[in-house]
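For the numbering used here, count along the sequence shown from 1 and bump the result up by 133. Where is the CB? At the ideal position from N, CA and C, for every residue including glycine. One structure is given below, encoded as structure tokens.
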Amino acid sequence: MMPHKFNASRRHKFEKKRQKVTNWRVYNEGLRQRGDVTIWLSPEVADKWLADKRQTPGGQPTYSDMAISVCLTLGMVFKQPLRQTQGLVGSLARLMGLDVPVPDFSTLSRRGAGLSMPEKSKAQRAGPIELVVDSTGLKIFGEGEWLQNKHKTKAKRKSWRKLHLGLDLTTGDIVCSDLTKDDVGDPTALPELLDQIEAPVSRFLADGAYDGDPTSDLLVDRFGEAIEIVIPPPITAVLSLDAARDPTPRDKHIAEIRDKGRLAWQVSSGYNHRSRGEAQIGRLKMVISPKLKARNFPNQKTEVRIGTNILNKMNGLGRAKYEAVA
Numbered sequence: 134m135m136p137h138k139f140n141a142s143r144r145h146k147f148e149k150k151r152q153k154v155t156n157w158r159v160y161n162e163g164l165r166q167r168g169d170v171t172i173w174l175s176p177e178v179a180d181k182w183l184a185d186k187r188q189t190p191g192g193q194p195t196y197s198d199m200a201i202s203v204c205l206t207l208g209m210v211f212k213q214p215l216r217q218t219q220g221l222v223g224s225l226a227r228l229m230g231l232d233v234p235v236p237d238f239s240t241l242s243r244r245g246a247g248l249s250m251p252e253k254s255k256a257q258r259a260g261p262i263e264l265v266v267d268s269t270g271l272k273i274f275g276e277g278e279w280l281q282n283k284h285k286t287k288a289k290r291k292s293w294r295k296l297h298l299g300l301d302l303t304t305g306d307i308v309c310s311d312l313t314k315d316d317v318g319d320p321t322a323l324p325e326l327l328d329q330i331e332a333p334v335s336r337f338l339a340d341g342a343y344d345g346d347p348t349s350d351l352l353v354d355r356f357g358e359a360i361e362i363v364i365p366p367p368i369t370a371v372l373s374l375d376a377a378r379d380p381t382p383r384d385k386h387i388a389e390i391r392d393k394g395r396l397a398w399q400v401s402s403g404y405n406h407r408s409r410g411e412a413q414i415g416r417l418k419m420v421i422s423p424k425l426k427a428r429n430f431p432n433q434k435t436e437v438r439i440g441t442n443i444l445n446k447m448n449g450l451g452r453a454k455y456e457a458v459a
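Laid out in structure tokens, this is it:
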């Protein structure tokens, strides 16, 4: 059997972390507030609960988009279906003494499709964004599994959606998100993700699915040639023909991996920070569950947008401040 320390000389030694949390009291209080179930609607919400009268012909809406988003958010936080969400919001209105109508479950379902969400709260940042992009699959709630268990039918291929997320490494906020069909590839969904970002991006991290000239050309066209692209090339990747004269960033990654090894390249390039995007996807699945409740695609996109807003608010409550350690 090979001794444990036989390859010790070739293993990469990880340095001790050089930053520490400086606001533990505030950070712990923020984590505690994430579980606080105190609910209260501000007077501004009650004033904007009803929709403004429109001048165009047709039926007049009763509830504003903000009222629908508040109801759907409460339903997602407490894991309630639409009918139970209607009862929850009605009981809160009675407890608070608010004389406002409560949307019924059919209105929530109908208005949820294509709902315009309020602007995301933008955390203060000192510079450009360091963007981490990743994707995952979400199952669709349907009758397939129920029929299989109830009537012992043949298992069908389970349908699912693909969730794409963009994370700001500095603040930890989700700055862009999109839900697509399962046949849409990661590079294909990237342009619509980048359309949601208004700030400049100095660094882009993603897995090997984004490797290729289309992704690099798109990022350079959107954010300039100064952007640092950190995408791991495949094992079979080779240098370009002009690598000796004018190496591309991909050529530099390939050369460094050959010289130092893939683990050392991950540390030196900062690729290990991409794990924060995977952790945020795990938290999002805890919020909206790994299975989408909505049946149609527009409502599913709204469900994901509400989940990202909830996660950003939770992240803001427990955001830690770090300082460098000499």
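Which partner residues does D465 have in the DSSP bridge list? Residue coverage of the chain in this structure runs from 134 to 459, which leaves residue 465 outside it and unanswerable.
Pick from S408, I443, T369 and L312 that is closest to I390, judged by C-alpha positions: For this step, residue 390 is matched to residue 257 along the sequence shown. The residue among S408, I443, T369 and L312 with its C-alpha nearest the C-alpha of I390 is T369.
Reduced DSSP category for A256 - H, G, I as helix; E, B as strand; rest coil: Walking along the sequence shown from the start, residue 256 turns up at place 123. With a pLDDT of 47 at A256, under the threshold of 50, the predicted position of this residue should be treated as unreliable, though the coordinate-derived value follows. DSSP places A256 in coil when its eight states are reduced to three.
Cβ neighbours of S254 in the same chain (closer than 6 Å, five flanking residues each side left out): The residue given as residue 254 occupies position 121 in the sequence shown. Its pLDDT being 48, under 50, S254 is placed unreliably by the model, and the measurement read from it follows with that caveat. Correct list: empty, nothing qualifies.
Excluding sequence positions up to five away, which residues of its chain have a Cβ less than 6 Å from the Cβ of H297? Walking along the sequence shown from the start, residue 297 turns up at place 164. Closer than 6 Å at Cβ, skipping near neighbours: S268, D311, A322 and L326.
Quick one: what does DSSP say S335 is sitting in, helix, strand or coil? Here the question's residue 335 lines up with position 202 in the sequence shown. The answer is strand: DSSP assigns S335 an E or B state.
Using only alpha-carbon positions, find the residue among A376, R243, W173 and T218 that is nearest to V235. Position 102 of the sequence shown holds residue 235. Closest option to V235, Cα to Cα, is T218.
Buried or exposed: which applies to Q329, given that a residue is buried once 16 or more other Cβ atoms fall within 10 Å of its Cβ? As a position in the sequence shown, residue 329 is number 196, starting the count at 1. Flag for Q329 reads exposed.
Looking at the secondary structure, which residues open and close the beta strand (DSSP E) in which S310 lies? Numbered from its first residue, the sequence shown carries residue 310 at position 177. Its beta strand (DSSP E) spans residues I307 to K314.
What is the C-beta distance between T313 and R294, in whole angstroms, given that I count them as a contact (C-beta under 8 Å)? Here residue 313 refers to the residue found at position 180 of the sequence shown. Here residue 294 refers to the residue found at position 161 of the sequence shown. Separation of the CB atoms of T313 and R294 is rounded to 7 Å, and the pair is thereby assigned contact status at 8 Å.
Classification of G191 by the beta-carbon crowding that lies within 10 angstroms, buried from 16 upward: The sequence position of residue 191 within the sequence shown is 58, counting from 1. Around the C-beta of G191, fewer than 16 other C-beta atoms lie within 10 Å, and the residue is accordingly described as exposed.
List the endpoints of the continuous beta strand (DSSP E) containing V154. Residue numbering aside, residue 154 sits at position 21 when the sequence shown is read from its first letter. Element bounds for V154: Q152 to V154.
Looking only at C-alpha atoms, which of T303, G318 and R227 sits nearest to D344? Here residue 344 refers to the residue found at position 211 when the sequence shown is read from its first residue. Here the closest residue by C-alpha is G318.
Can you name the residues that DSSP bridges to Y468? Since the displayed the chain opens at 134 and closes at 459, residue 468 lies outside it and no answer follows.
Can you give me the Cβ contacts of C204 inside the same chain, cut-off strictly under 7 Å, excluding the 5 residues immediately before and after it? As a working note, residue 204 is residue 71 in the sequence shown. Answer for C204: T218, V222, P236 and L241, listed in chain order.
Considering Cα atoms alone, identify which of L351, R378 and A388 is closest to P365. As a working note, residue 365 is residue 232 in the sequence shown. Closest option to P365, Cα to Cα, is A388.
Roughly how many whole angstroms lie between the Cα atoms of S349 and P333? Along the sequence shown, one-based indexing puts residue 349 at 216. Along the sequence shown, one-based indexing puts residue 333 at 200. Note on geometry: alpha-carbon atoms of S349 and P333 lie some 16 Å from one another.
Check the Cβ-Cβ distances between P367 and every residue of chain D, and say whether any is below 9 Å. Absent here is chain D; the protein component of the structure consists of one chain.
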